[in-house]
Each structure stands twice: as C-alpha cells, then as structure tokens.
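Undergrad:
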Amino acid sequence: MTEFMEFFNTASPENVSTSVKLLLLLTVLSLAPSILILMTSFTRIVIVLSFVRTSLATQQMPPNQVLIGLALFLTFFVMAPTFQEVNDTALTPLFNEEITLEDAYDRAVIPFKEFMSKNTRQKDLALFLNYINAEKPNSIEDIPLTALVPAFAISEIKTAFQIGFMIFLPFLIIDMVVASVLMSMGMMMLPPVMISLPFKILLFVLVDGWYLIVKSLLQTF
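If you number the sequence shown the way this note's numbering does, the last residue is 216 and the count never jumps.
What follows is the structure, given as structure tokens:
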C-alpha cells in the first residue's frame, strides 16, 4: 500500500492520468453485466426469445448459448445510437483530457436516461419516486438512476410478457386442435405434444417466424 501511495506522489501527471483511465476501465468492465441487463434492451429481447422456444416446446432448441448470443447482438444493434452518443459526448472528450471524470459521468448517463425513459411506464417510475419521496422531476436529467433503472426493468419485463402472450396464442390453438382430434379418435394415451410439435415447427417455418419475431422486437423500440 505504501509503495502504491509513493507511486502517485512521485509519478508524473501523465502516469496518474493513465492510472485513472485504467481504473475507470476496470470499473466499467465490472459493472458491464448489470448495465447490459438492466439499462439496455437486453431484458426484453432475451425474455421474448425464451418465450418463443417455450411456446414451440422444443426443449433446448435453440440452445441457451444461441439465444443469449442473438439477444446480445440484437441489443448492440438497438443500442448502437446510444453507445455512439456516449462515446462522442463523454468518452472521447475524457480520453482527450477535455473534461473531468465527473463531467464524463454526467454526460454518459444522459443518453441512457433518454433511452430508458422512452420505454418506462409512468406508473412504474412513479412507484419508485413516491417510495423515496422524491419531487416530481422537471426533466430527464432530474430523474435519479436509483428510481429509473428498476422502473425501466419492470416495464421491460411486462412488455416482454405481453409479447410472449401473443406468441403463445397460435401455438395454443394448435395444441387444442390436436388434443381434440386425438380424443375424438380415442387415442387419449398418446401425448398431444408429440403430434403438435411437428405442426408447430412447420407453421413457424412457413411464416418465417424468426424474421417476424426479430422485426416485431425492433419495432417496439
């Protein structure tokens, strides 16, 4: 510890600046999973894709790695304008030593707040603001992250479940039709899932299901 403090006491300003940048990078990397899950479109996308697999009843097809990877790249695609704005307004000036670390943080938060506020229900946000007895914010900058992030998260989960319900409906109809046909034929011992699964997959392929799902997800943002 003593050697660490002596380094900062004797190091040149350039070395201190490099150390601060390294510390900032390590901090961002440690918080990256939380930022990715709770402050981007990742939550909605991965839940909807999981609903698709569940409604098809294909067990582990596609595998979890495929769904997570697809959700990750779709998140980067949706969040690209936000990430670019953060880079232009906060990271680049910080690395060029044009602004301080505090200014960079304030600038970097604004694009995320704008994205989250557009996809957060007022009812959900009011729940957390009322809990901490916060005054009504006059602008997006006045909304504390401690209230906006959980409000955005539960709004995204609700939206994903609404989309998942719509995905389930056509496959539920197929299950009901297959079950009714099997019962009318007296084949009650045969699991309806075994018969309906091929028809579900066929329907999903014929309507180009993955294209429609991804297109619908992108349009919701």
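For glycine and all other residues, C-beta sits at the position ideal for the given N, C-alpha and C. All of these numbers come straight from a predicted model, not from anything done at the bench.
Is the separation between the beta-carbon of Val43 and that of Phe216 shorter than 8 Å?
TA: The answer is no: Cβ separation not under 8 Å.
Undergrad: Which of the three DSSP states, helix, strand or coil, is assigned to Asp119?
TA: If DSSP states are grouped into helix, strand and coil, Asp119 belongs with the helices.
Undergrad: Among residues of its own chain, excluding the 5 on either side of Ser150, which ones have a beta-carbon nearer than 7 Å to its beta-carbon?
TA: The answer, listed in chain order, is Asn114, Thr115, Arg116, Asp119.
Undergrad: How many whole angstroms separate the CB atoms of Leu106 and Ala99, which I take to be in contact at a CB cut-off of 8 Å?
TA: One detail in the question is off: residue 106 reads as Pro in this sequence, not Leu. Actually they do not touch by this definition, with Cβ atoms about 12 Å apart.
Undergrad: Could you pull the start and end residues of the alpha helix (DSSP H) that Ile162 belongs to?
TA: Taken as a continuous stretch (DSSP letters only), the alpha helix (DSSP H) holding Ile162 covers 140 to 179.
Undergrad: Since Phe46 is in the alpha helix (DSSP H), which residue starts that stretch and which ends it?
TA: Per DSSP, Phe46 belongs to the alpha helix (DSSP H) from 37 to 51.
Undergrad: If distances are taken between C-alpha atoms only, which option among Gln214, Ile208, Leu213 comes closest to Ser45?
TA: With distances taken between Cα atoms, Ser45 lies closest to Ile208.
Undergrad: Enumerate in chain order the residues of its own chain whose CB-to-CB distance from Asn260 is below 8 Å, with the five nearest sequence positions on each side excluded.
TA: With the chain covering only -4 through 216, there is no way to say anything about residue 260.
Undergrad: Could you give the residue range of the alpha helix (DSSP H) that holds Pro76?
TA: Here the alpha helix (DSSP H) through Pro76 covers 59 to 81.
Undergrad: Assuming Gln214 is part of the alpha helix (DSSP H), what are its boundary residues?
TA: Taken as a continuous stretch (DSSP letters only), the alpha helix (DSSP H) holding Gln214 covers 204 to 215.
Undergrad: Near Phe163, which residues of its chain fall below 6 Å by C-beta distance, leaving aside the five closest residues on each side in sequence?
TA: Contacts found: Ser50.
Undergrad: With C-beta atoms as the reference, is Ile138 less than 8 Å away from Pro132?
TA: Against a cut-off of 8 Å, the Cβ pair of Pro132 and Ile138 comes out as a contact.
Undergrad: In the DSSP assignment, find the unbroken alpha helix (DSSP H) run with Pro132 in it and report its ends.
TA: Note, Pro132: premise wrong, no alpha helix (DSSP H); not H, not E.
Undergrad: Under the rule that 16 or more other beta-carbon atoms within 10 Å means buried, what is Lys153, buried or exposed?
TA: Lys153 comes out exposed.
Undergrad: What are the uninterrupted segments assigned as alpha helix (DSSP H) that are 4 or more residues long and contained completely in the stretch 89 to 116, given in chain order?
TA: The qualifying runs are 96 to 113.
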